[in-house]
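Mapped onto numbering that gives the first Met the number 0, the consecutive letters of the sequence shown carry residue numbers 0 to 839. Beta carbons: idealized from backbone N, C-alpha and C, even for Gly. Only a predicted model underlies this, so the values are computations on that prediction, with no experimental measurement involved. The structure under discussion appears below in the form of structure tokens.
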Amino acid sequence: MRLRHVFIIGAYCLLGWISVGTAPVNAQTWGTVSGTVTDSVQGAPLPGVTVLVEGTDFGTATGPDGSYRLELPTGRYTLRFSAVGFSSEVDSVVVTKNSETRLDVTLASSVLEMEELMVAGGPAPDRPGVYKVDPADVQNMPTPFKDGFRALKTTPGVATNSELTQQYSVRGGGYNENLVFINGFEIFFPFRPRQGEQEGMGLLNPALASDITFYTGGFPAEYGGKLSSALDVQYAQPGQGGSGEPGEESLDGSVDLSTLDASAHLQSSALGGDLGWSFGARRAEPGRFFGTQDLKGDYSPRFTDLQGTVAYRFSDRVSVEALGIWADNAFELEPEERTTYFGVISLDPDRPSDFKALQSTLSGARSDGYTTAFGGARLHVDVTDRLSMAHDIAHFSTKETESFDIESDRRVCQVDPTGEASSANCFLRGESTVTRFADNSVEVRRRTGRGRYELDLGQHQLEGGWHLRSLRFEDNIEEKTVIGGTSQRGRDPVRIRVDSLTDRAVFNERQFGAYLQDAVDVLPAEGRLTVTGGVRADYFSFNDEWTVSPRLSARFSATDRLTLTGAWGIYHQKPTYRELRGDPEGIGSIEETLNRDIQSQRSVQYVLGGEYFFPEQRLSVRAEAYYKDLDNLISYTIEDVRVNYSGENDTYGYTYGLDLQVRGELVPGLESWFNYSYLVAEERFTGEALSSYSNRLREARQGLMPRPADQRHTFSAFVQDYVPGDKSWKVHMRLLYGSGLPYTPTNPGPEVAEGVQTRVPGDRMSGRLPAYRRVDVGATKRIEVVEDGIGGPVHLELTLEVLNMFDMDNTVDYSWTRGFERVPKRLTPRTLNARLHLTF
0 MRLRHVFIIG
10 AYCLLGWISV
20 GTAPVNAQTW
30 GTVSGTVTDS
40 VQGAPLPGVT
50 VLVEGTDFGT
60 ATGPDGSYRL
70 ELPTGRYTLR
80 FSAVGFSSEV
90 DSVVVTKNSE
100 TRLDVTLASS
110 VLEMEELMVA
120 GGPAPDRPGV
130 YKVDPADVQN
140 MPTPFKDGFR
150 ALKTTPGVAT
160 NSELTQQYSV
170 RGGGYNENLV
180 FINGFEIFFP
190 FRPRQGEQEG
200 MGLLNPALAS
210 DITFYTGGFP
220 AEYGGKLSSA
230 LDVQYAQPGQ
240 GGSGEPGEES
250 LDGSVDLSTL
260 DASAHLQSSA
270 LGGDLGWSFG
280 ARRAEPGRFF
290 GTQDLKGDYS
300 PRFTDLQGTV
310 AYRFSDRVSV
320 EALGIWADNA
330 FELEPEERTT
340 YFGVISLDPD
350 RPSDFKALQS
360 TLSGARSDGY
370 TTAFGGARLH
380 VDVTDRLSMA
390 HDIAHFSTKE
400 TESFDIESDR
410 RVCQVDPTGE
420 ASSANCFLRG
430 ESTVTRFADN
440 SVEVRRRTGR
450 GRYELDLGQH
460 QLEGGWHLRS
470 LRFEDNIEEK
480 TVIGGTSQRG
490 RDPVRIRVDS
500 LTDRAVFNER
510 QFGAYLQDAV
520 DVLPAEGRLT
530 VTGGVRADYF
540 SFNDEWTVSP
550 RLSARFSATD
560 RLTLTGAWGI
570 YHQKPTYREL
580 RGDPEGIGSI
590 EETLNRDIQS
600 QRSVQYVLGG
610 EYFFPEQRLS
620 VRAEAYYKDL
630 DNLISYTIED
640 VRVNYSGEND
650 TYGYTYGLDL
660 QVRGELVPGL
670 ESWFNYSYLV
680 AEERFTGEAL
690 SSYSNRLREA
700 RQGLMPRPAD
710 QRHTFSAFVQ
720 DYVPGDKSWK
730 VHMRLLYGSG
740 LPYTPTNPGP
750 EVAEGVQTRV
760 PGDRMSGRLP
770 AYRRVDVGAT
780 KRIEVVEDGI
790 GGPVHLELTL
800 EVLNMFDMDN
810 TVDYSWTRGF
820 ERVPKRLTPR
830 TLNARLHLTF
């Protein structure tokens, strides 16, 4: 199905949802509220101000002259007036029958509050490559799990090719090229998952989040060294400048239940607001969802996550905060059978169909576990009104285990596509038996100390900091793969051990880093032109390497509607364990693959962008172009979500692209957006690397070739609307499209025992997976259960979601039969999910 057909059908479905809830309101009488919204300083009219009826999504927006007009049933209402850069105002009004009530409002500028936030080191949404993610949108977005990482797939520049994984690729980068911070503490993704469903839940709990800022490129020196992106998440701290003002001690929280997962969170403050805390718990058992794939069996995933944060203010100048995370993700599977159809169905009578089926009968079991623990504490001191400092310590540890012993009896059949799906419609093409065994584990421990210092000098905002980290990795590997079948020269059975490795490695290393940056107001008009320059230096004991990374960014407010941004910088990524280890298969020792001469990968980035705001339509249009000059790259391949590195600085290349976004309120109070990204990511092997390969591998790696995350075209959208006649109903739609990612096909290799041929890689990245297409929709009914509960109104939201609404087949990877035929590994089909969300 072509993409434009998908969107047309999706639009009709959305209109259908809307029309279902439309109802006559003959019994009601109506009146009108109108007025003008002005600036409190100059008295100028404010266009584009959102005017909402409190507690609903019904409203309008002011026009170019600052005026608004709203028709409502008779009665008393509370209206909320809000606009970017201004403090919100709330006022009440009485609407009478067939008459017009006048309500003029003045909004005060909130620029001073924003400046204070930036001085305190908060995320800056006006920097290049920065996108804000509203935690409320994460809750509303129809996804299998309410995971903040999966919500990033609707951000420009993010590749999309699987709904099962929490990992993401940004602007052509690899999965491990992304920084993630929660409350300023760095956290990490799993190290060695093979498939997306094994990963569990990401460590970002959106129910606790008050602010999510995503840098897709050009991020400043304070965020450290990675090649692609930085995600800055702030959890709410009631009573400490979070969800409540000092002194407010109400209890807020939520409970979320669905057919796939459940979660709950609480937050409150005490001691007059000096003590604030929040706590969240999540549990998911999505066996039913995973079981919709081609591989059938007894799926038993159990994902558990506990998180909490606490902050205490000793005085107006001294405060402490702490963050704790514990996650235990277990994935167990007893596979039974798999039937995957592949090939070509031809409607041309002169061209016969070549349609096949891979039928597998499996026995055995697999078990994967990811247990993660994190604890961090920070002391913040405002030394003077202009000077502040923060010091923190953090401990991150994870133990990942992988155990499986599975035997698969495979049959490849020629299938008549017009016949019935039965054993009779299976003309045998070949048989084989594959036995896979593994008993692997990796334990990682990171301990970090950090200091951060900020000085306000008026036009200059100085900031500096340092960090010192110790790392310990302990890796245990025991795995093998055996393929059995019938030889090509006879009928005798043959068993071939494809790979086998048993080894253990332990190493301890240290990292050090420091940075200094300055944000300067260049022009006399405050905030008109802001330039931020910085430099950071990093050291890694493993390869005894120092790197220096200067960075520069600028923001220019050309008019009230047009903003221009630009950035340049050098980014170094220190090799972590997987890049260091490379692929030990066939070598027999992990230690032999640890390359002590390896260098940090480097990217020189250029970003140029602009944003224009249309106040009458409440829409903003944003465009960003970027170019990355890449060298010292460590080549890798991707199998599902498993990244296999070469362990050598063997390639260099470039990435360039364009990100476009249209964002705004298509209906008052509900934000929607549409994204399109174009990307080219290519690399070339160095002459030294090519000279070390055999003739066959050298030919397969010659010339310029796509990088593994070279997804040329992506489109994503998130659309929200309410049902006319009943504003308690809302409809949400998420659309994702990503052109095919490259992969390396498999070709016949040298013959071994009894004429059986081995498999060898073909030309590197010469194939393309099919495009990824997905439409998820959800309808939500909001009910006010109690008007005045423990901490305020209690609301219940009932949601029905249709995931993969058009039941599109998506392929994340290929496996290969003994006859070198590629068999797609498909993702999840259409799935229904019901959800209950209670807030208080």
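Cβ of residue i within 8 Å of any chain B Cβ
| i | result |
| --- | --- |
| F539 | Structure shown: chain B not included; a single protein chain is present. |
Euclidean distance between Cα positions of residue i and residue j
| i | j | result |
| --- | --- | --- |
| R767 | L734 | 22 Å |
| E462 | G761 | 50 Å |
| V343 | S407 | 25 Å |
| L386 | F839 | 38 Å |
| S242 | L802 | Note that S242 has pLDDT 39, beneath the 50 cutoff, so the model's placement of it is unreliable and the number below is only indicative. Cα to Cα, the separation comes out at about 32 Å. |
| L500 | E477 | 6 Å |
| H264 | S98 | 45 Å |
| G296 | R825 | 16 Å |
| T21 | P723 | Residue confidence is low: T21 scores 36 on pLDDT, short of 50, so the model does not pin down where it sits. Its coordinate-derived value is still stated next. If I take the Cα positions, the gap works out to 5 Å. |
| V640 | P189 | 11 Å |
| L305 | S765 | 44 Å |
| S253 | D136 | 15 Å |
| V93 | L618 | 31 Å |
| F80 | K729 | 21 Å |
| I597 | Q510 | 15 Å |
| P744 | S691 | 22 Å |
| F85 | L607 | 28 Å |
Pair within 8 Å by beta-carbon distance, residue i and residue j
| i | j | result |
| --- | --- | --- |
| T531 | D537 | no |
| F289 | M200 | no |
| S656 | Y677 | Per the sequence presented here, residue 656 reads as Gly, with Ser not at that position. In contact: G656 and Y677 (Cβ atoms closer than 8 Å). |
| V840 | V157 | Since the first residue of the chain shown is 0 and the last is 839, residue 840 is not available in this structure. |
| E331 | S366 | yes |
| G533 | P219 | yes |
| T291 | T779 | no |
| E610 | R621 | yes |
| G271 | P237 | no |
| R683 | L703 | yes |
| E198 | P205 | no |
| T159 | Y771 | yes |
| D103 | G34 | yes |
Alpha helix (DSSP H) segment containing residue i, residue limits
| i | result |
| --- | --- |
| G526 | That residue, G526, is in no alpha helix (DSSP H); it is neither H nor E in DSSP. |
| F288 | 286 to 289 |
| V137 | 134 to 139 |
| S690 | 686 to 690 |
| R149 | 147 to 150 |
Which residues DSSP lists as bridging residue i, in chain order
| i | result |
| --- | --- |
| Q236 | Q236 pairs with nothing; no bridge assigned. |
| E473 | E442, V505 |
| Y222 | Answer by DSSP bridge pairing: none, since Y222 is not bridged. |
| G74 | V94 |
Unbroken beta strand (DSSP E) run spanning residue i, endpoints
| i | result |
| --- | --- |
| N328 | 317 to 343 |
| A622 | 618 to 638 |
| N694 | Per DSSP, N694 belongs to no beta strand (DSSP E); it is in the alpha helix (DSSP H), 694 to 699. |
| S91 | 88 to 94 |
| N177 | 177 to 181 |
| A356 | 353 to 381 |
| R834 | 830 to 838 |
| M388 | 386 to 413 |
| A158 | Taken as a continuous stretch (DSSP letters only), A158 belongs to no beta strand (DSSP E), as it is neither H nor E. |
| G652 | 641 to 666 |
Presumed contact (8 Å Cβ cut-off) between residue i and residue j, rounded CB distance
| i | j | result |
| --- | --- | --- |
| P707 | T810 | Incorrect: roughly 15 Å between the Cβ atoms, too far for contact. |
| T77 | A60 | Not confirmed; about 18 Å, so no contact. |
| V32 | L71 | 6 Å |
| H394 | F373 | 7 Å |
| S227 | G172 | 3 Å |
| Y576 | Q604 | With a Cβ gap of about 25 Å, Y576 and Q604 do not count as contacting. |
| A235 | S262 | Not quite, the Cβ-Cβ distance comes to about 15 Å (not below 8 Å), so this is no contact. |
| E783 | H794 | 6 Å |
| L520 | T529 | Note on identity: in this sequence residue 520 is Asp, with Leu being the wrong assignment. Sure, about 6 Å apart at Cβ, within 8 Å. |
| K225 | Q660 | Going by Cβ atoms, the distance from K225 to Q660 rounds to 23 Å, so no, they are not a contact pair. |
Distance cut-off 7 Å: residue i Cβ against heavy atoms of the ligand SAM
| i | result |
| --- | --- |
| G464 | No copy of the ligand SAM occurs in the structure displayed, which carries no ligand at all. |
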